[in-house]
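Engineer: Following this message is one structure expressed as structure tokens.
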Amino acid sequence: MPTGKKPGRWRYWTGGMVLSLLLLVGIAVAFLDPWLRRMLEKQVAEQSQGRYQLRIGELHTSLWSRAMRIQNIELRPAKNNQLWQQTTLPRLLATIEEVRISGVGLGALLRGTLVPIDTVRVAGLRLRALQLPKANPNAKPLHEQLPARIPGLRIGYVSVLNVRAAYGSGRVPQTSVRRASFTAQDVLLSAAGATDTLRLGYASSFGVQVSGALGTVAEHRLRVGAVRYSSQRQQLTVDSLRVWSLRAMEQPGPVVRVRLALPHLRLTGLSAQALRRREVRLDSVSVVKPWLAATPPTQPPPALHHVLASYLRHVAVAHLRVSGGTLRLLGIRAKPQVQDIRLGADDMLVTAAGATDASRIWYARSWELRTGRVQTAVSAPVYWLGLQGTELITRTGVLRATGITLRPTMTPTALARYKRHQTPHITVRAPVLAVTGLDFGALTRRGALLARQVEVRNVRVLIAGDGRFPLNPKFSMVTQESLAKLPVRLNVRRVVLANSSIGTSYIGPKTQREGSITFNRINATLTNLTNDPRLMTAAAPLVGQASGWLQNSWNVRIAVRIPLLDPAGAHSGEGTFGPGSITLLNTMTEPTRLARFESGTVRRATVRFTGNRQQITGTMRAEYSDLKLALLSQAGGPDQKTLLTKVGSTLLNGIVIRDQNPRGLGPDKLKLGSMQSRRDQRVSVFSLWRQGLVSGLLNSIGAPQKLAQTISEQP
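Quick note on our numbering: the sequence shown kicks off at 834 and runs consecutively.
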């Protein structure tokens, strides 16, 4: 058997070939990293046509672990400004501390098929955008910008951490982000990934975290403490949002100006896939302790759904909740302020369909609003209105206000001087005002005020006037004609005023002294308060009934019928007074008219009257006894009587005044008083009724009808 050495030679040849191959691979690997670095730098320069320069500090690859690490990356724009005049590329500076790519599918890369990559990690990105080009409608999507032999990439996990970014070429950037991070899972960078409706930006899910963001939008500066979004949880949270106008808040402009402090905002159900379709369908929106000051624009802004339609074609919110809010409106004379706002809305649809849906109010199926303190100026700067709290529930048609205070900001004399004519000086305090059966839909869509009942209890009203000033040259607004001419539809089936009081004071034009009179324990009811022609007719007028006590001692009852749409202003009423002492009127007649009732007891007085835009007429049946009247003088000493007034009083009581009514027995002995007084449309309908009572009373006690009318018409 031959014993040659040929088989041993094959081993050496094989070993040599392997060693040679390993040597070649080692040499290739040794030169691969520099080649890749030069290739990448060259590609950036060529693809950007010299507008960018890429510098890579270190690049290391590992074919064995299918990984790559790149460090100290710098991207710098060319300094030649002419290169940036016509380009779709942004002009920016960027540095990246490190990029790690692992799990690259080398076999797929060599075969030219979809390349799988396990992870891509980017850390320490610093980005400064100096100039952003206009949107290019012809720009290719990202997956079409891959090399031609690579149909796509599939990356299991992408993270971009510790990002700092800014936009703007000035010293102070227009927009900046102090710190941001981005993560994405299952990124399919291919044509299939671009058309997959379950993906957004090629990713099946992603998350974003931003802190310290600052920017300028529509003449407002924005600062955000933190923003977090997770597409898997479909939740967006915003913390410490601040917005402030760059222009003066007190000067209204064409757009709304705001100052906003928002500690916390959370949106749930924010689907990235729906956003891709330009749709937002939120499960909930929660706003915690917002503080908002806003200056309304000079022109009414477009409806909210019109504004959103430019960006989103469908916006729906299942539940909206606002807690602990504060609102101030500036740039208007009223300057209202609302504290502790608690707001809730359900099933909101902020679209054109939602705006016109008859079953919705302000886009929502239902609203609930509760507030703390509310204050505002009324007829600024004349009155101040304050409320301790409010409640609004559209589902049940309830509107409540508590702790109501309406007070003037100046004295009666100062108010009349400010207005340059006599003006009621009104102070109102009411514990509760409740509206039930309020049709919020009619209110929001047609501006119509429709309600089943308005109830106010325990109201205290003080009305002061100064007769030393001329009457208002304009027609009074406290008339039935004013209600008929309201630009909105009014229909309140019932108005209730319970256990209330009215105090009045008036400075006489000649005496310059103040008189007063009070009405206590008032209970009143109005039915059919409407300017709807279908409901307001002569056969079905406004009907009012009231009872109370004059000076807390003299019972008063009154009933009126007012067809609000009657063109002649016709109305009628009747009332009863007494029993009581007529001396109760001295608190008003003595200081303002220099007349004092020394004695007189009214057993009963009944009035019936009719009124219109020209006059009031009627009769008064006054049953009284022991009536004595004294004329007074401002120069009469402690009792305001002089020799002349004493003589006048004696003649008045002996010749003119009927000391009792009736005189003797029988119905024919009762002297009826004639109510006759012309109407001055510069005064309210209540002043007209007062004129009728004065003329009827004076005529009843003996004053001639013409004299009684003249006195009643005096201011």
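We put the CB at the ideal spot given by N, CA and C, even for glycine.
M1421 by DSSP, collapsed to three states: which one?
Structural biologist: DSSP places M1421 in helix when its eight states are reduced to three.
Engineer: Go through its chain and collect everything with a Cβ distance to L1531's Cβ below 8 Å, but skip five positions before and after it.
Structural biologist: Correct list, in chain order: G1506, L1540, A1541, I1544 and S1545.
Engineer: Taking just the CA atoms, how far does E879 sit from Q886?
Structural biologist: Each residue's Cα considered, the two are about 10 Å apart.
Engineer: Applying the 10 Å Cβ sphere with the 16-neighbour rule, what's the burial state of Q1067?
Structural biologist: So Q1067 ends up on the buried side.
Engineer: Looking at the secondary structure, which residues open and close the alpha helix (DSSP H) in which T1483 lies?
Structural biologist: Its alpha helix (DSSP H) spans residues L1476 to L1484.
Engineer: Considering Cα atoms alone, identify which of S1104, G883 and Q1170 is closest to W1217.
Structural biologist: The option with the nearest alpha carbon to W1217 is Q1170.
Engineer: Which residues does DSSP pair with M1508 in a beta bridge?
Structural biologist: According to DSSP, which records beta bridges pairwise, M1508 is partnered with G1451.
Engineer: Could you tell me the boundaries of the alpha helix (DSSP H) in which T1543 lies?
Structural biologist: Element bounds for T1543: Q1538 to S1545.
Engineer: So is P1374 buried or exposed if we call it buried at 16+ other beta carbons inside 10 Å?
Structural biologist: So P1374 ends up on the buried side.
Engineer: Do you know offhand how far L965's Cα is from L916's?
Structural biologist: Rounded to whole angstroms, L965 to L916 spans 14 Å at the Cα level.
Engineer: Given this structure, state the Cα-to-Cα distance separating Y1457 from H1258, to the nearest angstrom.
Structural biologist: Using only the alpha carbons, I get a separation of about 34 Å.
Engineer: Which term fits I1237, buried or exposed, when burial requires 16 or more other beta carbons within 10 angstroms of its beta carbon?
Structural biologist: Answer is buried; the Cβ neighbour count reaches 16.
Engineer: How would you label S1629, buried or exposed, when you count the other beta carbons within 10 angstroms and need 16 or more for buried?
Structural biologist: Past the edges of the chain, shown from 834 to 1548, lies residue 1629, and the structure says nothing about it.
Engineer: Measure how close the beta-carbons of V1265 and R1233 come, nearest whole angstrom, since I'm counting them as under 8 Å.
Structural biologist: That belief holds up - the Cβ atoms of V1265 and R1233 are roughly 7 Å apart, short of 8 Å.
Engineer: Go ahead and pull the three-state DSSP assignment for V1118.
Structural biologist: Strand.
Engineer: Take V858 and list the residues in its own chain whose beta-carbon comes closer than 8 Å to its own, dropping the five residues that flank it on each side.
Structural biologist: Legend: pLDDT at V858 = 48, less than 50; position of this residue unreliable, value from coordinates given subsequently. If we look at V858 and ignore the five residues flanking it on each side, it has no Cβ neighbours.
Engineer: Pick helix, strand or coil for R1228, following the three-state DSSP scheme.
Structural biologist: Reduced to three states, the DSSP call for R1228 is coil.
Engineer: Within this structure, are the beta carbons of G985 and M1082 separated by less than 8 Å?
Structural biologist: No.
Engineer: Please report the residue range of the beta strand (DSSP E) in which E1347 lies.
Structural biologist: First-last of the beta strand (DSSP E) with E1347: E1347 to T1363.
Engineer: Work out the CA separation of L865 and R871 for me, nearest whole Å.
Structural biologist: Between R871 and L865, the C-alpha separation is close to 10 Å.
Engineer: Along the chain, where does the beta strand (DSSP E) containing T1128 start, and where does it finish?
Structural biologist: Unbroken beta strand (DSSP E) run through T1128: W1124 to T1128.
Engineer: Determine whether the beta carbon atoms of V1118 and V1148 lie at a separation below 8 Å.
Structural biologist: Not a contact, by the Cβ cut-off of 8 Å.
Engineer: Return the CA-CA distance between N1291 and A1357, expressed in angstroms with no decimal places.
Structural biologist: Approximately 12 Å, taken between the alpha carbons.
Engineer: Measuring only the C-alpha atoms, how far is T1312 from S1517?
Structural biologist: So the two alpha carbons sit approximately 6 Å from each other.
Engineer: Taking the beta strand (DSSP E) that T921 falls in, what are its first and last residues?
Structural biologist: Note, T921: premise wrong, no beta strand (DSSP E); not H, not E.
Engineer: Go ahead and label Y1196 buried or exposed: buried means 16 or more other beta carbons lie within 10 angstroms of its beta carbon, across all protein chains shown.
Structural biologist: Y1196 is buried by the Cβ-count criterion.
Engineer: According to the Cβ coordinates, are I1449 and V1435 closer than 8 Å?
Structural biologist: No. Outside cutoff.
Engineer: Judging by CA-CA distance, which residue of T1070, R961, G1205 and F1039 is the nearest neighbour of S992?
Structural biologist: Of the listed residues, the one whose Cα sits closest to S992 is F1039.
Engineer: Out of A1249, P1320 and A1178, which one is the CA nearest neighbour of L1282?
Structural biologist: When each option's Cα is compared against that of L1282, the closest is P1320.
Engineer: S1528 to Q1509, Cα distance in whole Å?
Structural biologist: Distance between the alpha carbons of S1528 and Q1509: 6 Å.
Engineer: If I follow the unbroken beta strand (DSSP E) through G1433, where does it start and stop?
Structural biologist: Start and end: A1428 to G1444.
Engineer: Should L1362 and V1328 be called a contact, given that it needs their Cβ atoms to be closer than 8 Å?
Structural biologist: Result yes, Cβ atoms of L1362 and V1328 sit closer than 8 Å.
Engineer: What do you get for T804, buried or exposed, if any count of 16 or more other CB atoms within 10 angstroms of its CB means buried?
Structural biologist: The structure shown has nothing for residue 804, since the chain only spans 834 to 1548.
Engineer: Just to confirm, are R909 and L896 a CB contact at a threshold of 8 Å?
Structural biologist: Contact flag unset, no.
Engineer: Which full runs of the alpha helix (DSSP H) of 4+ residues lie inside the stretch 988-1055, going along the chain?
Structural biologist: Taking only runs of at least 4 residues, the alpha helix (DSSP H) segments lying wholly in the stretch 988-1055 are 1024-1028.
Engineer: Compare the Cα-Cα distances from S881 to each of T1131, T1223, G1187 and R924 and report the closest residue.
Structural biologist: Taking only the C-alpha atoms, the option nearest S881 is R924.
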